[in-house]
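Trainee: Under our numbering, think of the first position of the sequence shown as 2, with each following residue one higher. Where a beta carbon is used, it is the ideal one built from N, C-alpha and C, also for glycine. Here the structure is a predicted model, which means the values were calculated and not measured.
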Amino acid sequence: MGQTVAMSLKEEFARDGAIVLRGVVSPHELSLLTTGINEVVRHPSPRAKVASSPDDPGFFIEDFNTWRDHPEFSEFVMKTELSKIAAELTGSSTIRMYHDHVLVKEPGTRQRTPWHQDQPYYDVEGQQNVSFWIPVDPVAQKDCLELIAGTHRGPWLMPRSFLDHQAKWFPEGSLIEMPDFESLRDSYEILSWDLEPGDAIAFHMLMVHGAPGVSGTNRRRVFSLRVLGDDMVYAPRNWVTSPDMRAVMSAEEDQRVAGESLRGDWFPQLW
2 MGQTVAMSLK
12 EEFARDGAIV
22 LRGVVSPHEL
32 SLLTTGINEV
42 VRHPSPRAKV
52 ASSPDDPGFF
62 IEDFNTWRDH
72 PEFSEFVMKT
82 ELSKIAAELT
92 GSSTIRMYHD
102 HVLVKEPGTR
112 QRTPWHQDQP
122 YYDVEGQQNV
132 SFWIPVDPVA
142 QKDCLELIAG
152 THRGPWLMPR
162 SFLDHQAKWF
172 PEGSLIEMPD
182 FESLRDSYEI
192 LSWDLEPGDA
202 IAFHMLMVHG
212 APGVSGTNRR
222 RVFSLRVLGD
232 DMVYAPRNWV
242 TSPDMRAVMS
252 AEEDQRVAGE
262 SLRGDWFPQL
272 W
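1. Which of helix, strand or coil does DSSP assign to Pro-156?
2. State the CB to CB distance for the pair Leu-229 and Leu-263, rounded to an integer number of angstroms; the pair is presumed to be in contact (CB under 8 Å).
3. Pull up the DSSP beta-bridge partners for Phe-65, would you.
4. According to the Cβ coordinates, are Arg-23 and Val-140 closer than 8 Å?
5. Can the beta-carbon of Met-233 be found less than 8 Å from the beta-carbon of Val-125?
6. Find out if the Cβ-Cβ distance for the pair Lys-106, Ser-216 is shorter than 8 Å.
7. Which residue comes first and which comes last in the alpha helix (DSSP H) that contains Phe-77?
8. Opposite Ser-225 in the DSSP bridges: which residues?
9. On a Cα-Cα basis, can you pick out the residue from Asn-219, Lys-11, Ala-19 that is closest to Leu-192?
10. Please tell me whether Leu-158 and Leu-146 are closer than 8 Å, where the distance is taken between their beta carbons.
11. Where do the ends of the beta strand (DSSP E) carrying Gly-211 lie?
12. Measure the C-alpha to C-alpha separation of Asp-57 and Gly-109 and round it to an integer number of angstroms.
13. List the endpoints of the continuous beta strand (DSSP E) containing Ile-149.
14. Using the C-alpha atoms, what's the distance from Arg-161 back to Lys-50?
15. When burial is assigned at 16 or more other CB atoms within 10 Å of the CB, is Gln-270 buried or exposed?
16. Which stretch, first to last residue, makes up the beta strand (DSSP E) that contains Ala-203?
17. So, does the segment 40–55 touch the segment 82–100, judging by three or more C-beta pairs under 8 Å?
Rendered as structure tokens:
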């Protein structure tokens, strides 16, 4: 793959909203991410959430904004070539950090990550963005993240909490409800792949996606990196976003201005 994204992949990203990138994460970077993820599992931050129900035979935990807590994550974020790839995919002249997301599904986890878009949960607006989904374990296609091709073009759909399906972000009725994509699978092009450590999925933050549980003895540990390009600006919300950036930023650090690019230590320029 190298440091340059093939034109065909750029066109595929623009058309479908997601692509698979083979071998873009080095063995050293995988070691960093694996160490960091294992530390998060052992010592979750106060922002961590258990996203599986008590009767699930497995266990699904998420944690957010941990990259400054763990030197392994910090090194990866600041040095990864994925920021350059994001610039090429979006046509942006700069790339800034937005946030990280650790997702771990232990063997036997039945809990599906429901179909959703990421951007409605956030406090940013714009089009030039990329989320990288980076597994440190082999992932069979049947256990892989699934993405519905073309949905990055919109519209925005109602975000709901994953376990109790509550509309905690936008008022009821203010956005179109998420269609029942699960019962309509044959009507859409659903993207997913067999992945090996070193591979990554790149997708747009508005793209509808979800993920199954994990089968057998498989474990699925993922580091997700979300980055912003030139046209992404701060959009204050009247509700608590997910993740809640104010939970990690002091009042002095939070100098965000509506309609402007994010700046400061939490949003460094990566490329």
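Mentor: In this structure, then:
1. As a working mapping, residue 156 is identified with position 155 in the sequence shown. DSSP places Pro-156 in coil when its eight states are reduced to three.
2. Working through the sequence shown from its first residue, we reach residue 229 at position 228. Working through the sequence shown from its first residue, we reach residue 263 at position 262. With a Cβ gap of about 7 Å, Leu-229 and Leu-263 count as contacting.
3. Looking up residue 65 in the sequence shown gives position 64. Answer by DSSP bridge pairing, in chain order: His-102.
4. Taking the first residue of the sequence shown as 1, we reach residue 23 at position 22. Taking the first residue of the sequence shown as 1, we reach residue 140 at position 139. No, they are not a contact pair.
5. For the purposes of this step, residue 233 is identified with residue 232 of the sequence shown, where counting begins at 1. For the purposes of this step, residue 125 is identified with residue 124 of the sequence shown, where counting begins at 1. Result yes, Cβ atoms of Met-233 and Val-125 sit closer than 8 Å.
6. By one-based count along the sequence shown, residue 106 stands at place 105. By one-based count along the sequence shown, residue 216 stands at place 215. Result no, Cβ atoms of Lys-106 and Ser-216 do not sit closer than 8 Å.
7. Numbered from 1 along the sequence shown, position 76 holds the residue referred to as residue 77. Phe-77: member of the alpha helix (DSSP H) spanning 72–80, first to last residue.
8. By one-based count along the sequence shown, residue 225 stands at place 224. Answer is His-102, Trp-134.
9. Counting from 1 along the sequence shown, the entry for residue 192 is found at position 191. Ranking the options by Cα distance to Leu-192, first place goes to Ala-19.
10. Translated into positions along the sequence shown, residue 158 becomes position 157. Translated into positions along the sequence shown, residue 146 becomes position 145. Going by C-beta atoms, Leu-158 is not nearer than 8 Å to Leu-146.
11. Taking the first residue of the sequence shown as 1, we reach residue 211 at position 210. Boundaries of the beta strand (DSSP E) around Gly-211: 210–212.
12. By one-based count along the sequence shown, residue 57 stands at place 56. By one-based count along the sequence shown, residue 109 stands at place 108. Spanning the two alpha carbons is a distance of roughly 8 Å.
13. Taking the sequence shown and counting its residues from 1, one reaches residue 149 at position 148. Here the beta strand (DSSP E) through Ile-149 covers 147–149.
14. Translated into the one-based positions of the sequence shown, residue 50 becomes position 49. Translated into the one-based positions of the sequence shown, residue 161 becomes position 160. Arg-161 has its alpha-carbon roughly 15 Å from the corresponding atom of Lys-50.
15. Counting from one through the sequence shown, the residue named residue 270 turns up at place 269. So Gln-270 ends up on the exposed side.
16. Residue mapping note: residue 203 aligns to position 202 of the sequence shown, counting from 1. Counting along the chain, the beta strand (DSSP E) containing Ala-203 begins and ends at 201–204.
17. For the pair of segments examined, the segment 40–55 was found not to touch the segment 82–100: the number of CB pairs separated by less than 8 Å stays below three.
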